[in-house]
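**Student:**
Chains as they are written, first to last, in my numbering: chain A, 1 to 166; chain B, 1001 to 1511.
1. At a cut of 8 Å, does the stretch 1391-1410 of chain B reach the stretch 1429-1441 of chain B through at least three beta carbon pairs?
2. Let's test the definition: count the other Cβ atoms within 10 Å of the Cβ of residue 1254 of chain B and tell me whether it reaches 16, buried, or not, exposed.
3. With 8 Å as the C-beta to C-beta threshold (strictly closer), list the residues of the stretch 97-113 of chain A near chain B in chain order.
4. Which whole-angstrom value is the C-beta distance of residue 1222 of chain B and residue 1073 of chain B, which I expect to be below 8 Å?
5. Got a sec: which bits of the stretch 1149-1160 of chain B sit with their beta carbon under 8 Å from any beta carbon on chain A, in order along the chain?
6. Which of the three DSSP states is assigned to residue 1376 of chain B in this structure?
7. 8 Å is my cut-off, CB to CB: does residue 1032 of chain B come that close to chain A?
8. Spatial neighbours of residue 1175 of chain B within its chain, please: C-beta separation below 6 Å, excluding the five flanking residues on both sides.
9. Taking all protein chains shown into account, do 16 or more other C-beta atoms lie within 10 angstroms of the C-beta of residue 1344 of chain B, making it buried, or fewer, making it exposed?
10. Given that a residue counts as buried once 16 or more other Cβ atoms are within 10 Å of its Cβ, and exposed if not, what is residue 108 of chain A?
11. Could you check how far apart the C-beta atoms of residue 1153 of chain B and residue 1231 of chain B are, in whole angstroms? I think they sit under 8 Å.
12. Give the residues from the stretch 1202-1233 of chain B that approach chain A closer than 8 Å (Cβ to any Cβ), ordered along the chain.
13. Compute the Euclidean distance between the alpha carbons of residue 1022 of chain B and residue 1212 of chain B, then round it to the nearest angstrom.
14. From residue 1310 of chain B to residue 1283 of chain B, what distance separates their C-alpha atoms?
15. Would residue 1357 of chain B be called buried (16 or more neighbouring beta carbons within 10 Å of its own) or exposed?
16. For residue 1016 of chain B, which residues of its own chain have a beta-carbon under 7 Å away from its beta-carbon, when the five flanking residues on both sides are left out?
17. Under a Cβ-count criterion, where at least 16 other Cβ atoms within 10 Å of its own Cβ denotes burial, should residue 160 of chain A be classed as buried or exposed?
18. With 8 Å set as the bound, which would you pick, yes or no: does the beta-carbon of residue 1011 of chain B sit closer than that to a beta-carbon of chain A?
19. Given that residue 40 of chain A touches chain B, what residues does it touch there, using C-beta distances under 7 Å?
20. Can residue 1134 of chain B and residue 1020 of chain B be called in contact, C-beta distance under 8 Å?
21. Helix or strand or just coil, what does DSSP make of residue 969 of chain B?
22. Measuring straight from C-alpha to C-alpha, what distance separates residue 1386 of chain B and residue 1314 of chain B?
23. Short check: CB of residue 1018 of chain B to CB of residue 1204 of chain B, under 8 Å?
24. With a cut-off of 8 Å, does the C-beta of residue 1317 of chain B fall near any C-beta of chain A?
25. Rounded C-beta distance between residue 1080 of chain B and residue 17 of chain A? I'm assuming under 8 Å.
26. My output table needs one value for residue 1050 of chain B: the three-state DSSP class, helix, strand or coil.
27. At 9 Å on the CB atoms, spell out the chain B contacts of residue 149 of chain A, in chain order.
28. Inspect the beta-carbon positions of residue 1391 of chain B and residue 1382 of chain B and report whether they are closer than 8 Å.
29. My parser needs the beta strand (DSSP E) runs of 3 or more residues fully inside the stretch 1422-1463 of chain B; what are they?
30. Considering only their Cβ atoms, is the gap separating residue 1287 of chain B from residue 1246 of chain B smaller than 8 Å?
31. Just reading off the alpha helix (DSSP H) that residue 1133 of chain B is part of, what are its end residues?
32. So the beta strand (DSSP E) residue 122 of chain A belongs to, where does it begin and stop?
33. Considering only C-alpha positions, which residue in the set B:1097, B:1366, B:1251 is nearest to residue 1278 of chain B?
34. May I ask which residues mark the beginning and end of the beta strand (DSSP E) holding residue 1469 of chain B?
35. Is the closest heavy atom of the ligand NAD to the C-beta of residue 73 of chain A under 7 Å?
36. Within the same chain, show all residues whose beta-carbon is closer than 6 Å to that of residue 1069 of chain B, passing over the 5 residues directly before and after it, in chain order.
Listed below in structure tokens is the structure:
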């Protein structure tokens, strides 16, 4: 070991280097997640697909035990959900969401993030929660203006009228 | 080895006891206590409302910088230092090959602690709920959502400002406290098979580390970014690269790549002990007839491999038992056994606990042989170990070298025996402080030879004829110089130093 004075100086330098190393990498270098002129569009759903229910006939109901006479016969499985998103008439998302669960009776979910240049766009979102039917059950078309670093969320809530932006 | 060179460079400034690189485990535990202590205060003043978490933490830095601000900074920087020390500890143990055999358990139990440390650290950043917290929360949940573990994407919790509520922060605080508690339980398991655990580093090292972190906290206090706002995304963040480096890595690659890397790395760490082809050495064996149940071997064993059990034939006596899975085959137990004295007159020296690959009897026979062959004016015996400085280069007509598994297996009576059967001096090439392959061999040897620990070197042995050198595998040249100086000193003091009465075992009166 060095003489005490030299050792103390050496220790001070090494403790200082340790603190400097910790201090620097605790905040630096700055990390740039997205460029300055970019905004985010997040498309996220959590929705139960529709199912085709059938009204039971009186004859069918009569054959059933009294406590089991539900008027509607609904299958357990849920439908897939189709989603499409266009930006300025250019498709950026086209996806079929499958129901979760072993019996395909759970919700269909999605979460997608897109980076787009800030500016004005014509946004079109289409969704169909019953693939047995033709066309789109929910459609939202809107002109949007995205500011840099803005996050635009496309969500779905049947209680809020279906597709909505926030 | 570069790592050993680096440790030895630090020895020049810190010495072995205060060298941070030689006490990374204890240093990590110390940092954890700083984190826990400062965290308790932060928990006490934290308000878990969505807006209040930011303001209550911000208040500490802005209004109460002299106490809360410093504690917050210490909490952050100690966490970063903990991650750094943990990684260095892992690399060091791997580089020295300390993950197989009796070290298997400590290695395996250390791996989950890495996950817990990062999970605790990442979660801790969220509690501040500033832009960095927002960035980390979104990035982490997006990463987690790649795994099929949630029924709905967890990133939906951070979709918009109205999706975050007060209960989230209560949950985060619960997790941020729960995970470290789990980690402490894991740490208990991690050191469970180690005896004489260094729960804390030396006082000097603790004071130096605390002072370094305190100065850093004063010069560069930990501050919050702007408040989180999920309606926007922070383009730039001042990232804590020790804990949050995984986010940029994910951006550079993909969640699939990151999870593959993490699982592959974890699997590799778990598999390392099984991939090693190192042969395990023979473990210590006990001879009940020569074990008096003194328990010194149990006390001195660095890995708790020796337990005391009822003696098979002598009532009310105990006998040592060796757990082969825990035994490091270091021979420290043989060095601690009072029956290992070479002065016993029996032709076949059988001690209470011994190493099959280098029995005490063979050691005595080898010593007698080498002493008989020594010539020259000043004859010296050098005891060294398999992991320390090379002895081959100093062997000469007047210098006998004795290689042990660890110097800790040297019974002090062998020093006296060498001096009474022809040696003019004994040099023990001990490892540097904190540099023993078996943790405690260097310390026990030093304490036994300086009469601070049983079995002690007897009082009548002149200390002038004994030299303890603290040298590593890189110090062969230094050992050579120490030997030259030792020989010169013996020759210079030959007249004033008393010599022990010669002893010849085969003609001793009780033989």
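Even glycine gets a Cβ: it sits at the ideal position worked out from N, Cα and C.
**Tutor:** Reading off the structure:
1. yes
2. exposed
3. 100, 106, 107, 109, 110, 111, 113
4. 4 Å
5. 1151, 1152, 1153, 1155, 1156, 1159, 1160
6. coil
7. no
8. 1123
9. buried
10. buried
11. Their Cβ separation, rounded to whole angstroms, is 19 Å, which puts residue 1153 of chain B and residue 1231 of chain B out of contact at 8 Å.
12. 1208, 1209, 1211, 1212, 1213, 1215, 1216, 1219, 1220, 1222, 1230, 1231, 1232, 1233
13. 18 Å
14. 21 Å
15. exposed
16. 1022, 1432, 1433, 1434, 1435
17. exposed
18. yes
19. 1233
20. no
21. Outside the shown range of chain B, which is 1001 to 1511, sits residue 969 of chain B, and nothing can be said about it.
22. 37 Å
23. yes
24. no
25. With 8 Å as the limit, residue 1080 of chain B and residue 17 of chain A do not qualify as a contact, their Cβ atoms being about 14 Å apart.
26. helix
27. 1232, 1233, 1234, 1235
28. yes
29. 1425-1430
30. no
31. 1131-1144
32. 119-128
33. B:1097
34. 1466-1470
35. Summarising the ligand content, the structure contains no ligands, and the ligand NAD is consequently not present.
36. 1060, 1061, 1221
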